[in-house]
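Trainee:
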Amino acid sequence: MRLATWNVNSVVARLPRLLEWLDLTAPDVVCLQETKVAADAFPSEGVTERGYEVAAHGQGRWNGVAILSRVGLADVQRGFEGQPGFAPEQTGEDPGLFAAPATPVVEARAVGARCGPLQVWSVYVPNGRTPDDPHYVYKLGWLAAYREAIAAAAGADTPFVTCGDFNVAPTDEDVWDPAAFVGSTHVTESERAELTRLRALGLADVMPRPLKYDRPYTYWDYRAGNFHKNLGMRIDLLYANPAAAAAVTDAYVDRAARKGKGPSDHAPVVVDLQLGG
DNA sequence: ATGGCTCTGTCACAGAGA
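Numbers given in our numbering equal positions in the first sequence, counted from 1, plus 122.
Below, the structure is given as structure tokens:
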């Protein structure tokens with residue numbers, strides 16, 4: 123089975139690149155993030171023509187995740203038990219004396235499904251913006267709640283994988299220059315500690331081959347020619363439980379998908395698994 | 001990077017991304 127995860131930065135804008143990449147790569151299961159489209163507006167025609175079923179979870183302009191599968195798609199879960207929302211009052215804006223309490227908005231950031239023998243989650247972890255921003259607290263709480271939600275499935279004997287854009291670089295080796303990230307999100311101890319707690323469920327970080335250069339970065343800023351200078355980060359991750367990790371035969375970052383006209387700022391991570399049956 | 005690009009929603013910019 124070939125599994126991939128890809129932050130496409132708008133599935134509508136990326137559709138020609140996505141379809142071309144599906145033909146070239148022939149994945150069985152694809153986890154998408156930042157689809158930026160409501161579920162009922164997901165451009166599924168070209169995808170279904172290629173034999174994929176679609177589980178989309180979206181809200182329009184921001185966020186949005188999906189799973190494409192051509193090996194079965196069952197038990198679709200949009201969001202997870204206990205998923206926190208971001209409350210507008212967390213921005214610190216004065217709501218006014220007579221304003222009703224703002225209700226937290228639960229964003230479209232996680233979708234799970236059973237794809238043949240594999241239990242899969244596609245997640246788009248909140249960015250956090252800056253360490254002193256309410257979004258940073260939201261990010262840490264979101265990761266902790268997600269860990270609780272997947273603990274049972276991660277601990278099961280059946281193959282389990284959670285992949286997506288975690289918006290955290292697990293180590294200093296996963297950014298092009300740690301000095302450039304002092305005071306930024308994605309590299310703080312607290313964020314990395316949340317990833318460590320996730321792995322403590324028994325999940326292994328499936329490390330992809332980079333294909334070029336020495337580090338398997340998955341994201342490069344659009345600006346300043348960062349991709350061509352390989353000024354990147356590894357923030358798109360694939361965490362597998364023992365049953366899934368033992369089945370991995372290869373993993374790589376498909377940097378070709380970051381090249382050329384109209385790419386996403388993220389490259390897909392492609393993983394091959396030899397699952398019994 | 002003190003933000004150089006790209007996306008969406010909407011119609012000249014604002015907001016977000018990491």
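No residue lacks a Cβ here, since even glycine has one placed at the ideal position from N, Cα and C. Note that the coordinates shown come from a computational prediction; the quantities given were computed from them, not determined experimentally.
Tell me where the beta strand (DSSP E) around residue 284 begins and ends.
Mentor: As a position in the first sequence, residue 284 is number 162, starting the count at 1. Note, residue 284: beta strand (DSSP E), 282-287.
Trainee: Does residue 202 come out as helix, strand or coil in the three-state DSSP assignment?
Mentor: For this step, residue 202 is matched to residue 80 along the first sequence. Residue 202 falls in the coil class under three-state DSSP.
Trainee: Can you tell me where the beta strand (DSSP E) holding residue 227 begins and where it ends?
Mentor: Position 105 of the first sequence, counted from the first residue, corresponds to residue 227. Residue 227 -> no beta strand (DSSP E), and no H or E assigned at all.
Trainee: Taking residue 382 as the reference, which of 365, 136, 393 and 127 has the closest Cα?
Mentor: Locating residue 382 in the first sequence gives position 260, where the first residue counts as 1. Of 365, 136, 393 and 127, the residue nearest in Cα terms is 136.
Trainee: Assuming residue 272 and residue 243 are in contact, meaning their beta carbons sit under 8 Å apart, how far apart are those beta carbons, in whole angstroms?
Mentor: Along the first sequence, read from residue 1 onward, the residue named residue 272 stands at position 150. Along the first sequence, read from residue 1 onward, the residue named residue 243 stands at position 121. Contact holds; Cβ gap of about 6 Å.
Trainee: DSSP on residue 232, reduced to helix/strand/coil?
Mentor: Residue mapping note: residue 232 aligns to position 110 of the first sequence, counting from 1. Residue 232: strand per DSSP, three-state reduction.
Trainee: Return the Cβ separation of residue 291 and residue 357 in integer angstroms, given the expectation that the two are a contact with Cβ distance under 8 Å.
Mentor: Working through the first sequence from its first residue, we reach residue 291 at position 169. Working through the first sequence from its first residue, we reach residue 357 at position 235. 6 Å between Cβ atoms; contact.
Trainee: Using only alpha-carbon positions, find the residue among 227, 174, 275 and 226 that is nearest to residue 365.
Mentor: In the first sequence, residue 365 corresponds to position 243, counting from 1. The shortest Cα separation from residue 365 among 227, 174, 275 and 226 belongs to 275.
Trainee: Using 10 angstroms around the beta-carbon of residue 384, count the other beta-carbons present and answer buried if the total reaches 16, otherwise exposed.
Mentor: Counting from one through the first sequence, the residue named residue 384 turns up at place 262. Under this definition residue 384 is an exposed residue.
Trainee: Residue 236 to residue 395, Cα distance in whole Å?
Mentor: By 1-based counting over the first sequence, the position of residue 236 is 114. By 1-based counting over the first sequence, the position of residue 395 is 273. In a straight line, the C-alpha of residue 236 is about 15 Å away from that of residue 395.
Trainee: Residue 192: buried (16+ other C-beta within 10 angstroms of its C-beta) or exposed?
Mentor: As a position in the first sequence, residue 192 is number 70, starting the count at 1. With 16 or more other Cβ atoms within 10 Å, it is buried.
Trainee: Give me the Cβ distance between residue 318 and residue 251, rounded to the nearest whole Å; I'm assuming they're in contact under 8 Å.
Mentor: Position 196 of the first sequence, counted from the first residue, corresponds to residue 318. Position 129 of the first sequence, counted from the first residue, corresponds to residue 251. About 22 Å; that fails the 8 Å criterion.
Trainee: Quick check on DSSP: helix, strand or coil for residue 175?
Mentor: Taking the first residue of the first sequence as 1, we reach residue 175 at position 53. It is a strand residue.
Trainee: Identify which residue in 373, 265 and 234 has its Cα closest to the Cα of residue 249.
Mentor: Sequence index remark: in the first sequence, residue 249 carries index 127 (1-based). With distances taken between Cα atoms, residue 249 lies closest to 265.
Trainee: What residue range does the alpha helix (DSSP H) around residue 260 cover?
Mentor: The residue labelled residue 260 in the question sits at position 138 within the first sequence. Residue 260 -> alpha helix (DSSP H) spans 256-276.
Trainee: Cutting at 8 Å between CB atoms, please list the residues of its own chain near residue 175, excluding the five before and the five after it.
Mentor: Sequence index remark: in the first sequence, residue 175 carries index 53 (1-based). For residue 175, where only same-chain residues beyond five positions count, the Cβ hits under 8 Å are 190, 191, 192, 194 and 195.
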